[in-house]
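Remarks on the structure that follows.
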Amino acid sequence: MDYVLSLLGPLAQGAKVTLTLFVITLALSVPLGLALALARISSWPLLSGAVNGYIWLMRGTPLMLQMLFIYFALPFVPVIGVRLPDFPAAVVAFALNYAAYFAEIFRAGIKSVDRGQYEASKALGMTYFQTMRRVVLPQMVSRVLPPVSNETITLIKDTSLIYVLALNDILRTARGIVQRDFTTTPFLVAALFYLVMTLILTWFFQNLEKRYAKHDD
Amino acid sequence: MMISPNGATSDRTPGTMISARDIFKSFGSLHVLRGVSLTLRKGDVTAVIGPSGSGKSTLLRCLNHLEVIDRGTIEIEGESLAAAGAGGASKYVPEAEVRRICRKMGMVFQSFNLFPHMTVLQNIIEAPMTVKGLSRDAAVPKAEELLRKVGLLAKRDNYPARLSGGQKQRVAIARALAMEPDIMLFDEPTSALDPELTGEVLRTMRQLADEHMTMLVVTHEMGFAREVANHVVFMDEGRILEEGAPAEVFGAPAHARTREFLAHML
């Protein structure tokens with residue numbers, strides 16, 4: 001028991017890295033995903049085509065590859081080449097990757113809003129922008145909560161991929177201790193950390209859903 | 218109600234609210250409107266009747282730009298919405314102008330199209346606040362007045378999902394009226410309702426007609442067309458076959474298709 005308690009300190013340090021990556025990724029990829037979704041449904045074929053290609057690229061290659069590329073290869077790319085430190089490189093890769101998934105979720109949510117809602121808004125004199133902001137997006141939000149919750153839970157576990165940039169998140173910290181102490185207990189404690197975070201997320205989204213469901217009964 | 222002989226001249230007589238001339242509209246190879254001309258004067262209550270697929274709903278939707286016409290002209294209260302452009306195709310005024318002109322018309326849909334995430338009151342104050350820039354304090358009393366008028370003030374804080382079809386449609390009417398339109402367009406407002414709920418909606422519409430609102434009503438309610446409208450238009454296959462006072466159209470239809478249709482409906 002004392003041994004388990006002694007693990008909490010180092011793993012909490014790792015959790016800080018995990019959670020920082022998680023929060024920054026969400027804060028960047030949700031708005032970016034929304035922008036991509038709106039661009040994807042735009043009537044301008046060049047824009048929607050470009051976004052389509054972007055989504056294909058981001059969903060079509062492993063996140064780990066994207067992270068390695070941004071950290072190791074991006075500095076050598078002409079014009080846009082920048083050298084990013086390890087953590088920012090991970091943040092950029094995660095945000096760009098998750099934005100692509102969120103874009104498709106948001107697009108599905110926007111598409112699910114009835115055409116009559118657009119017509120009613122237009123007949124009342126609202127512009128496209130006003131229609132989106134006041135009528136379509138609020139309805140989209142309640143419909144995408146389940147898949148967004150799913151995606152968020154995946155993200156909290158995907159953060160463990162940053163071990164490839166030698167960043168000490170929960171899992172890499174645990175692995176370090178496992179190798180040092182010749183016991184697998186740290187893995188179990190790490191699993192508990194993930195489970196608790198997932199539990200909190202699940203609870204959070206269930207409450208959001210309840211709040212948004214009030215007009216559906 | 219006048220139709221100019223060649224259908225091309227602009228109707229600028231005072232009191233003309235809607236003047237549509239020679240409207241053509243196709244969806245792909247389907248010709249939905251084939252040269253329809255329609256005039257609405259201030260205070261007119263015009264009922265458009267006809268079989269399904271005759272183009273009556275499309276005509277209504279063309280008037281407030283929910284559909285874009287291929288050929289023809291539309292003027293709303295003397296202002297051009299769509300004019301004849303090069304090569305015969307219609308040319309619309311710029312988008313902001315279209316929006317401004319179309320705000321003179323309120324629209325009520327068959328499927329209500331209330332905003333489900335807003336309460337009844339929020340549904341009504343939304344456009345006055347967002348579009349007209351009214352403050353909440355100014356918009357709410359007006360909305361409550363309209364709700365009282367349609368008999369639903371008690372439902373102001375309910376969400377649409379809690380209302381019956383008839384109540385939803387009355388809220389939709391109040392929502393359209395909140396923008397203070399000069400003309401009200403009704404697209405089969407009672408077709409989605411259970412028969413026992415149509416009465417309350419028709420009563421609200423009759424009340425509006427009594428207040429001299431200019432109304433264009435696409436409907437299958439022959440009773441309403443006969444009793445409330447002062448003008449009836451019969452459409453078939455994208456054309457207006459016959460129009461006139463209700464007594465004429467219902468009492469002595471000139472066209473065989475009209476007689477056939479009315480025999481089915483009555």
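Protein chains in written order, with the working numbering: chain A, 1 to 217; chain B, 218 to 483. Beta carbons: idealized from backbone N, C-alpha and C, even for Gly.
A471 of chain B sits in coil when the DSSP states are folded into three classes, being neither helix nor strand.
The closest CA to that of K111 of chain A, considering only A:K122, A:V141, A:L96, is found on A:V141.
In this chain, the alpha helix (DSSP H) harbouring E314 of chain B covers 312-319. Flagged as an interface residue toward chain B: R134 of chain A, by a C-beta distance shorter than 7 Å. Within the model, the alpha-carbon separation for D169 of chain A versus A391 of chain B is close to 57 Å.
With 16 or more other CB atoms across the displayed protein chains lying within 10 angstroms of its CB, V30 of chain A is buried. Here the alpha carbon of K308 of chain B sits roughly 45 Å from the alpha carbon of K214 of chain A. Just so you know, the alpha carbons of R387 of chain B and G245 of chain B end up roughly 35 Å apart. When secondary structure is reduced to three states using DSSP, R258 of chain B falls in the strand class. The Cβ-Cβ distance between M67 of chain A and A90 of chain A falls below 7 Å. Identification of chain A residues near E343 of chain B by a Cβ-Cβ cut-off of 7 Å yields R134, ordered along the chain. H334 of chain B is a Cβ neighbour of Q139 of chain A, given a cutoff of 7 Å.
Straight-line measurement puts the Cα of V92 of chain A at about 12 Å from the Cα of R83 of chain A. Shown here, F332 of chain B sits in coil according to DSSP, grouped into three states, outside any helix or strand. It is roughly 14 Å from the alpha-carbon of G304 of chain B to the alpha-carbon of F241 of chain B. A direct Cα-to-Cα measurement between W44 of chain A and Q179 of chain A gives close to 55 Å.
For R251 of chain B, the closest C-alpha among the options B:A464, B:E454, B:P463, B:R474 is that of B:E454. Neighbours of K122 of chain A across chain B, judged by C-beta separation under 7 Å: L283. Counting along the chain, L145 of chain A sits inside the alpha helix (DSSP H) bounded by residues 137-158. DSSP, read as helix, strand or coil, puts V435 of chain B in strand. Taking C-beta separations shorter than 6 Å and ignoring five residues to either side along the sequence, the partners of T198 of chain A in its chain run I153, following chain order. A check of alpha carbon separations from T159 of chain A across A:Q13, A:L5, A:L7, A:L21 identifies A:L21 as the nearest. Under the 7 Å criterion on CB atoms, P311 of chain B is classed as non-interfacial with respect to chain A. Close to P146 of chain A, with beta-carbon spacing below 9 Å, lies no residue of chain B; the smallest spacing is near 17 Å. By the Cβ neighbour-count rule, T183 of chain A is exposed, with fewer than 16 other Cβ atoms within 10 Å of its own.
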